[in-house]
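First the structure, in the form of structure tokens, and then the observations on it.
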Amino acid sequence: MKRILMLLVLGFAFAGGDQFFDQPPEEPSEALLEQLNILMSLIVPFMMAMIALAAAAYVIGQMFGAETRARATVWAHGMLAAVGISGLVIVLLYILLPMFMSGQTVPPSVDVQAAFLELKNIAQQSLIFLIGLFIVTAAAAYVLGQFAGANTRAKATVWATGLLAGAVVAAIIYVVIVEIFGRFQAPGIFAGTEALGGYTNIVILIAFFTSIVALITYLLSKAFKVPEWEAYLSIELSNIMSSFILVFFVLGMFAVGDVLASAFVEDAATPPQAAIAFMRTYVADSVLRGLYDIYQIQACTSMLSTITRRIGEFVLTQTYKVFPGMDTFVSITNVIGFGLVSIYGSLSAQIAILYFIDATMKTFFLPAGLVLRFFPPTRDAGAFLIALSFGMQIVFPTTYMINKQVFEDIGAETYESRHLLIASLCGPFKYGVMGVLINPTTNPIFGLMPGGTALGTLLMRLTSETVLNLVSMSEFIPIMRHIASLSLIALFMPALSMMITIAFINAMAKFIVAKV
């Protein structure tokens, strides 16, 4: 019977082919919707008839012996399974195929609150129908059972009691939907769903769709008294409700994370943006300015170390360096420059990772995890994606904010340029026009001025190699201290943050899988 029904579904799907090709060209989605409307207009009444036939066969089969009851039960279950599979196929065709045939990569934007209210109305109507069906069927079974023997009357009584219990459960759920979920009509109740971006509609629709399907199937299993269905669907209904609660919990925690980010850094909409602002302002800018100064000093000292003098006028006389201590400056600038380059490269990688986290975790990984969480085969994968997005979007950037407080508490400061050191090694009094103008041997103005010769001699002494050789290596100590403090924030603390985040992701994923 299931094969026949599936063949009918496929046959109706391709029905009306000549009429389709004779019409003018249409959009693929519109043409497909027309075919699906034809399919639904033909197959849905047939499915309803099969449901009624399965119920009748099951009820009538209970009036006979064990073998007949078993056959009737198997036949009714097979027909209901075929109806369920056909209905699922029709729903998927009707919802998903027009979207893909039209070339849309995301579903059209809908009002989440309006969609929720529509689903609530559908659930109310379905529950009213089930309550009436259960009560009428229970009454009919009980009345018909009284005309048979004692054994049949007992079975009819038990079966009617089960139907009435299902009707009571459906009535309770109906009251819950009307009184509690009706509160969602208040404006702004879905204000937190913007955290999902463009996937808000998908997550909400899948959540309510799976919940309604599981609820209706569970009520049917209670009505037909199938123990396997009751046990399995009871667990699935519990898992779906847990996943539904998890959606609101995660959205609330993401909203708290955004508030926390704005508390640490002004104008920061998300925790990754707050961490990026801290890394740029406090660390990256200081490293870049220090890197410029170090390479400027290195270039000047490298050039000064090449200046030599010769004693006498002959080629074979001895030569010596004018600035014999410059090689030490060159060596230390090499070491400091390499350290700053390493720190800046680490900072650039961290900022790139934070940008990637801010762009993908909330808009891709979180919605994917919430959607996968509702389906049994992908429930563990959904839990991992939820934990991953929560850890990377909230925990990982928050540790950077803690690092910021540690950075400030240890008294670390931003980089201050070493003006005296740079002016001594790379100042304008040694090179270019200024070096010529203050030299009394090359500038005749000093000879025309009263006391000019003495002034020129004084300026030459102040800018000579003798004074330059007096520059102390202690001028590099503040730079090295700054590198040491930056090493803590740029190399050690990110490793600690990543370790904490990975541990949190593992713990949260295990908690969701085991407890939720």
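Counting from 1 along the sequence shown, just add 8 to a position and that's the residue number in my numbering.
Each residue gets a CB set at the ideal place from its N, CA and C atoms; glycine is no exception.
In this text the structure is predicted, and so the values were computed from the model without any measurement.
Rounded to whole angstroms, what is the Cα-Cα separation between alanine 158 and methionine 249? Their backbone Cα atoms lie some 42 Å apart in a straight line.
Neighbourhood of isoleucine 59 by C-beta, 8 Å cutoff - its chain only, sequence neighbours within 5 removed: These residues qualify, in order along the chain: Met87, Leu88 and Val91.
Give the single residue among His85, Ala503 and Gln413 whose Cα lies nearest to the Cα of glutamate 236. Considering only alpha carbons, the answer is His85.
How far does the alpha helix (DSSP H) with arginine 530 in it extend, from its first residue to its last? Past the boundaries of the shown model lies residue 530; the chain is included only from 9 to 524, so the question cannot be answered.
Which residue from Ala147, Gly399 and Leu499 puts its Cα closest to that of serine 354? Leu499
Decide if glycine 298 is buried, meaning its Cβ has at least 16 other Cβ atoms within 10 Å, or exposed. buried
Do alanine 148 and leucine 171 have their C-beta atoms within less than 7 Å of each other? Here alanine 148 is not near leucine 171, since their CB atoms are 7 Å or more apart.
N- and C-terminal bounds of the beta strand (DSSP E) containing arginine 318: 316 to 318
Distance between phenylalanine 484 and glutamate 321 (C-alpha atoms, nearest Å): If you take the alpha carbons of glutamate 321 and phenylalanine 484, they lie about 39 Å apart.
On the DSSP bridge list, what partners appear for tyrosine 328? Arg317
Alpha helix (DSSP H) segment containing lysine 412, residue limits: 404 to 417
Of all the options Leu138, Lys518 and Thr407, which has the alpha carbon lying nearest to the alpha carbon of alanine 389? Lys518
Output the boundary residues of the alpha helix (DSSP H) element that contains serine 339. 334 to 368
With H, G and I counted as helix, E and B as strand and the rest as coil, what does DSSP make of glycine 24? Note on glycine 24: pLDDT 46, under 50, position unreliable in the model; the coordinate value appears next. DSSP places glycine 24 in the coil class of the three-state scheme, outside both helix and strand.
Beta-carbon proximity check, phenylalanine 272 vs methionine 400, cutoff 7 Å: no
Straight-line Cα distance separating valine 176 from valine 151: 20 Å
Label phenylalanine 404 either buried or exposed according to how many other C-beta atoms from any shown protein chain fall within 10 Å of its C-beta, with 16 as the threshold for buried. buried
If you run the structure through DSSP and keep just helix, strand and coil, what is alanine 283? Note: alanine 283 maps to helix in three-state DSSP.
Unbroken alpha helix (DSSP H) run spanning glycine 538, endpoints: The requested residue 538 does not occur in the structure, where the chain is confined to residues 9 to 524.
Could you tell me the alpha carbon to alpha carbon distance between tryptophan 167 and alanine 65, rounded to whole angstroms? 14 Å
So, are the CB atoms of isoleucine 394 and glycine 377 less than 7 Å apart? yes
Measuring only the C-alpha atoms, how far is threonine 407 from serine 505? One alpha carbon belongs to threonine 407, the other to serine 505, and they sit about 6 Å apart.
Anyone know if the C-beta pair for alanine 269 and alanine 276 falls short of 7 Å? yes
Please state if the CB of leucine 380 and the CB of serine 397 are separated by a distance shorter than 7 Å. no
Check whether the segment 335 to 355 and the segment 364 to 374 touch, using three or more Cβ-Cβ pairs below 8 Å as the test. no
Straight-line gap, isoleucine 365 to alanine 292 (C-alpha atoms, nearest Å): 19 Å
According to DSSP, is alanine 199 helix, strand or coil? Note that alanine 199 scores a pLDDT of 47, beneath 50, so its modelled location is shaky; the value from the coordinates is reported in the next line. Alanine 199: helix per DSSP, three-state reduction.
Comparing C-alpha positions only, which one of Val258, Val267, Phe256 and Phe217 sits nearest to leucine 245? Phe217
Given a cut-off of 7 Å on the beta-carbon distance, is the pair phenylalanine 382 and serine 251 in contact? yes
Select from Lys163, Leu259 and Leu296 the residue whose C-alpha is nearest the C-alpha of isoleucine 491. Leu296
Beta-carbon contacts of isoleucine 302 that lie in its chain and below 8 Å, excluding the five residues immediately before and after: Thr341, Ile344, Gly345, Leu348 and Ile487
Threonine 309 - containing alpha helix (DSSP H), residue span: 293 to 312
Looking at the unbroken alpha helix (DSSP H) that takes in proline 384, where does it start and where does it end? Segment: none, proline 384 is in no alpha helix (DSSP H) and carries neither H nor E.
Closest to proline 280 by CA distance: which of Leu362, Ile305, Arg288 and Gln358 is it? Leu362
Residues in the same chain with beta-carbon distance under 6 Å from alanine 283, minus the five sequence neighbours each way, listed in chain order, please. Leu362, Pro405 and Tyr408
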